[in-house]
Each structure stands twice: as C-alpha cells, then as structure tokens.
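A.B. asks: Sharing a structure with you now.
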Amino acid sequence: MSEVYYFRNEFLPKEDVRISPEDRGYYFGDGIYEVIRVYKGRMFEAKAHFERFKRTALAVRIPLPDMGELEAALQELIRQNAVEEGSVYVQMTRGTAPRAHNLNADTPPVVMAYCQKLSRPVDKMEKGIAAATVPDTRWQHCDLKTLNLLGNVLLKQKALDQGADDCILHRDGSVTECSSSNLFIVRDNRLVTHPADNLILPGITRNVVIRLAAELELPVEERALTVDELLGAQEVFLTSTVQEIVPIVTVDGKAIGGGTPGPVTQKLQQAFERLILA
Ligand code: PMP
25 MSEVYYFRNE FLPKEDVRIS PEDRGYYFGD GIYEVIRVYK GRMFEAKAHF
75 ERFKRTALAV RIPLPDMGEL EAALQELIRQ NAVEEGSVYV QMTRGTAPRA
125 HNLNADTPPV VMAYCQKLSR PVDKMEKGIA AATVPDTRWQ HCDLKTLNLL
175 GNVLLKQKAL DQGADDCILH RDGSVTECSS SNLFIVRDNR LVTHPADNLI
225 LPGITRNVVI RLAAELELPV EERALTVDEL LGAQEVFLTS TVQEIVPIVT
275 VDGKAIGGGT PGPVTQKLQQ AFERLILA
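Note that my numbering has the sequence shown beginning at 25, numbered continuously upward.
Here's what the structure looks like:
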C-alpha cells in the first residue's frame with residue numbers, strides 16, 4: 025500500500041506529491057522542520073516539538089499555520105499510515121517564488137509531512153557506537169531547526185570516512201553536539217552538556233534526559249566542556265528523538281570508561297524506557 029503524505033493541507037499518496045522547482049525550500053533550503061517520535065501510535069513530547077517549531081518559524085520569519093490543525097493533521101497521518109512505532113517528519117518551507125534573496129510576503133508557506141515506521145535502535149543502545157571529533161564549521165544559528173543541513177551532512181561524513189559512526193563537534197575548544205544529536209558526558213558522577221545557546225539545537229530528548237536526571241538525583245551541569253574533558257570522561261552518550269540515548273564507547277579510537285556502556289548511561293536508558301512505555 026502506498027504511503028500517505030500530508031501536503032498543502034491534503035492527505036495524498038506519496039506519488040501524487042508535486043513539489044515546485046520554485047519552492048524556496050528546494051533551492052535555498054529556506055524552511056524549517058521537526059522530527060517527532062511515535063510510540064504506541066501517539067506523538068511523544070508533541071508539545072515541546074511544536075513549541076520549538078513555533079520558535080524556529082518566528083526566528084526565520086515564516087508565518088505559522090494553525091498549530092492545533094497541524095497537530096490534528098499529523099495525528100491523522102499517523103493513523104492513516106498505521107504507525108505504532110516510528111516517527112513523523114514535518115517541514116514547512118517559505119513557499120514558492122522565482123529565485124530571489126528577498127523575503128516575499130505573498131508566498132504562502134508549504135507544509136509537507138510523512139511518517140516512517142522505525143524500531144528503537146536497540147543494538148546501538150546496548151553496545152554503543154564509535155565517534156570521531158571534528159571541528160564544528162556550521163553557522164552560528166544551530167539552535168534553529170532549519171532545512172539547511174549541509175554542514176551537518178558533511179561533518180558526519182568526515183567521521184564516517186574515518187571509520188567512526190558519528191562526529192562529536194567542537195568549536196573554539198568546546199564540545200558542542202553531534203551531527204544529529206546532543207552530547208552528554210559523565211564526570212565525577214555528574215552529567216555535563218553544552219548550554220542550550222545558539223551553538224547547539226535545544227534537543228527535546230536532551231531536555232527529557234535532564235528531567236530524568238533530576239528524578240534520579242544526578243546533578244547536571246550545562247556548561248562548555250573541553251575536548252580533553254570529553255576524552256577523559258567516565259561515560260559519553262548522545263541523545264536524539266530517533267536514537268533516544270546511545271552510549272559512545274570510543275572517541276577518536278580511545279576507549280571511554282571501559283569501552284562499554286557505563287552505569288549512569290544505562291540508568292538513564294532504563295528511566296527513558298519506563299517513560300515511553302508508560
Ligand atoms: N542536534 C542536532 C544537530 C539535531 O539534528 C538533533 C536531532 N533533531 C538533535 C540535536 C537532537 O534533538 P531532538 O532530541 O529534539 O531530536
């Protein structure tokens with residue numbers, strides 16, 4: 025059966041989605057997006073995702089659709105695609121206009137969404153992954169979830185080219201995040217993660233982990249951390265909507281902790297699992 029997409033306020037088969045070559049998302053990457061996890065057929069942390077979507081839209085000056093209608097449409101899309109466990113991707117471009125750098129107030133935004141069936145990445149969550157440190161050469165608005173992901177794509181590829189699974193980015197001596205996830209280290213039994221400023225995406229999963237840490241009475245420091253602190257950490261893990269909490273067991277070929285997922289990471293994974301299965 026064909027996948028059902030949501031496009032310009034309609035539900036239609038993927039094959040019938042027609043993107044204009046003049047869509048600003050297509051030639052400028054001029055648009056924003058969200059990826060929301062679906063567990064048991066429901067959107068997880070939907071409110072936080074819609075708040076971030078609104079914040080990004082405001083920052084890049086794309087007018088918002090009716091958010092209540094959008095949320096209802098996404099839930100209907102999940103139903104029509106019969107997704108129990110997976111994700112829903114929603115993007116909104118500035119609309120269609122001949123190529124010109126000025127903003128054009130007359131172009132209505134184009135909203136498109138689709139679902140994916142996905143299992144939780146259990147193998148990676150249990151065994152961990154290898155990361156390579158790479159200089160963070162992205163722009164200064166990494167807090168905005170825009171379609172312009174070429175920086176992230178090329179930086180991830182640098183890590184893959186070195187045989188690692190993902191990059192850990194650093195800028196001016198501070199570790200920021202990974203190609204599509206936030207980063208935490210464990211030091212002296214405290215969690216340390218980069219502050220949610222313009223240099224990282226304020227991850228929804230990052231926030232959930234900070235909340236769970238408070239419940240588990242694990243102190244959290246949101247501060248700049250150095251590459252040396254990273255390499256000397258007891259534990260390192262990444263967080264994202266799709267990946268949840270994944271241990272990083274080697275960095276630049278050096279084992280972190282014992283080179284296996286550590287107890288603090290595992291405790292957080294268990295707490296996260298209790299939350300999503302509740
Ligand atoms: N940082 C970047 C660069 C990302 O692309 C993502 C994934 N959206 C994240 C962090 C994690 O954010 P979230 O937990 O909201 O998925």
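We treat Cβ as the ideally placed atom computed from N, Cα and C, and that holds for glycine.
Here the structure is a predicted model, which is why all the values come from computation and not from measurement.
1. Would you check if the stretch 104-124 and the stretch 227-235 touch, i.e. whether three or more CB-CB distances between them fall below 8 Å?
2. Evaluate the contact criterion for the stretch 26-33 versus the stretch 131-141: three or more CB pairs, one atom per stretch, below 8 Å.
3. On the DSSP bridge list, what partners appear for isoleucine 56?
4. Quick one: complete beta strand (DSSP E) runs, 3+ long, within the stretch 201-268?
5. Return yes when the C-beta of threonine 217 is under 8 Å from any heavy atom of ligand 1, and no when it is not.
6. Compare the C-alpha of alanine 220 against each of Leu127, Asp212, Leu249 and name the closest.
7. Just grab the DSSP bridge partners of arginine 61 for me.
8. Leaving out the 5 sequence neighbours to the left and right, which residues in its chain are closer than 8 Å to arginine 162 when beta-carbon positions are compared?
9. Excluding the five sequence neighbours on either side, which residues of its own chain have a C-beta within less than 7 Å of the C-beta of arginine 211, listed in chain order?
10. Along the chain, where does the alpha helix (DSSP H) containing glutamine 293 start, and where does it finish?
11. Pairing CB atoms from the stretch 268-279 with CB atoms from the stretch 149-157, are three or more of them under 8 Å?
12. Let me check one thing: in DSSP terms, what residues is lysine 151 bridge-paired to?
13. With lysine 78 and methionine 91 assumed to form a contact (beta carbons below 8 Å), what rounded beta-carbon distance in angstroms separates them?
14. Which residues does DSSP list as the beta-bridge partners of valine 134?
15. Please state whether DSSP places valine 84 in a helix, a strand or coil.
16. Give a yes or no on whether the C-beta atoms belonging to threonine 284 and glycine 119 are separated by under 9 Å.
17. Rounded to whole angstroms, what is the Cα-Cα separation between glutamate 58 and alanine 238?
18. In angstroms, rounded to a whole number, what distance separates the CA positions of isoleucine 224 and serine 205?
19. Can you check whether the CB of isoleucine 56 is closer than 9 Å to the CB of alanine 81?
20. What residue from Ala129, Asp167, Gly110, Gln164 has the CA that sits closest to proline 145's CA?
21. What's the C-alpha gap between leucine 215 and serine 26?
22. From this set, His165, Tyr50, Phe35, Ile86, which residue's C-alpha is nearest leucine 101's C-alpha?
23. Is there at least one non-hydrogen atom of ligand 1 closer than 8 Å to the beta-carbon of cysteine 202?
24. How is the beta strand (DSSP E) around isoleucine 192 delimited, first residue to last?
25. Short of 6 Å in beta carbon distance, which residues of its chain neighbour alanine 188, apart from the five on each side in sequence? Order them along the chain.
26. For ligand 1, is there a heavy atom less than 8 Å away from the beta-carbon of arginine 211?
27. Can you name the start and end residues of the alpha helix (DSSP H) that leucine 98 belongs to?
28. Determine the DSSP secondary structure at leucine 36, reduced to helix, strand or coil.
C.D. replies: In short, the structure shows the following:
1. no
2. yes
3. On the sequence shown, position 32 is the one that residue 56 refers to. According to DSSP, which records beta bridges pairwise, isoleucine 56 is partnered with Met116, Thr170.
4. 206-211, 214-217, 244-246, 259-264
5. To locate residue 217, count along the sequence shown from 1; it is residue 193. Checking the Cβ of threonine 217 against ligand 1 gives no.
6. As a first step, residue 220 must be located in the sequence shown, where it is residue number 196. If we check each option's Cα against that of alanine 220, Leu249 comes out closest.
7. Here residue 61 corresponds to residue number 37 of the sequence shown, with the count starting at 1. DSSP output for arginine 61 lists Ser111 as bridge partner(s).
8. Against the sequence shown, residue 162 aligns to sequence position 138. For arginine 162, where only same-chain residues beyond five positions count, the Cβ hits under 8 Å are Gly175, Asn176, Leu179, Leu193.
9. The residue labelled residue 211 in the question sits at position 187 within the sequence shown. Cβ neighbours of arginine 211 beyond the five flanking positions: Glu253, Ala257, Gln258.
10. Here residue 293 refers to the residue found at position 269 of the sequence shown. Counting along the chain, the alpha helix (DSSP H) containing glutamine 293 begins and ends at 287-301.
11. yes
12. One-based indexing of the sequence shown puts residue 151 at position 127. DSSP lists no partner for lysine 151.
13. Locating residue 78 in the sequence shown gives position 54, where the first residue counts as 1. Locating residue 91 in the sequence shown gives position 67, where the first residue counts as 1. Indeed they touch by this definition, with Cβ atoms about 7 Å apart.
14. By 1-based counting over the sequence shown, the position of residue 134 is 110. In the DSSP output, where bridge partners are listed per residue, valine 134 has Thr117.
15. Along the sequence shown, read from residue 1 onward, the residue named residue 84 stands at position 60. Helix.
16. Translated into positions along the sequence shown, residue 284 becomes position 260. Translated into positions along the sequence shown, residue 119 becomes position 95. No, these two residues do not count as a Cβ contact at 9 Å.
17. Residue mapping note: residue 58 aligns to position 34 of the sequence shown, counting from 1. Residue mapping note: residue 238 aligns to position 214 of the sequence shown, counting from 1. Cα to Cα, glutamate 58 sits roughly 26 Å from alanine 238.
18. Taking the sequence shown and counting its residues from 1, one reaches residue 224 at position 200. Taking the sequence shown and counting its residues from 1, one reaches residue 205 at position 181. Approximately 9 Å between the Cα atoms of the pair.
19. Here residue 81 refers to the residue found at position 57 when the sequence shown is read from its first residue. Here residue 56 refers to the residue found at position 32 when the sequence shown is read from its first residue. Yes, the Cβ-Cβ distance between alanine 81 and isoleucine 56 is below 9 Å.
20. Here residue 145 refers to the residue found at position 121 of the sequence shown. That would be Gly110, whose Cα lies nearest to the Cα of proline 145.
21. Working through the sequence shown from its first residue, we reach residue 215 at position 191. Working through the sequence shown from its first residue, we reach residue 26 at position 2. Distance between the alpha carbons of leucine 215 and serine 26 is about 44 Å.
22. For the purposes of this step, residue 101 is taken as the residue at position 77 of the sequence shown. When only C-alpha atoms are compared, the closest one is Phe35.
23. Here the question's residue 202 lines up with position 178 in the sequence shown. Yes; taking the cut-off as 8 Å, the Cβ of cysteine 202 has a heavy atom of ligand 1 nearer than that.
24. Counting from 1 along the sequence shown, the entry for residue 192 is found at position 168. Isoleucine 192 -> beta strand (DSSP E) spans 190-195.
25. Counted from its first residue, the sequence shown places residue 188 at position 164. Correct list, in chain order: Ala154, Ala155, Ala156.
26. Residue 211 sits at position 187 when you count from the first residue of the sequence shown. Checking every heavy atom of ligand 1 against the Cβ of arginine 211, none is found closer than 8 Å.
27. Walking along the sequence shown from the start, residue 98 turns up at place 74. From DSSP, the alpha helix (DSSP H) with leucine 98 extends over 91-104.
28. Locating residue 36 in the sequence shown gives position 12, counting from the first residue. It is a strand residue.
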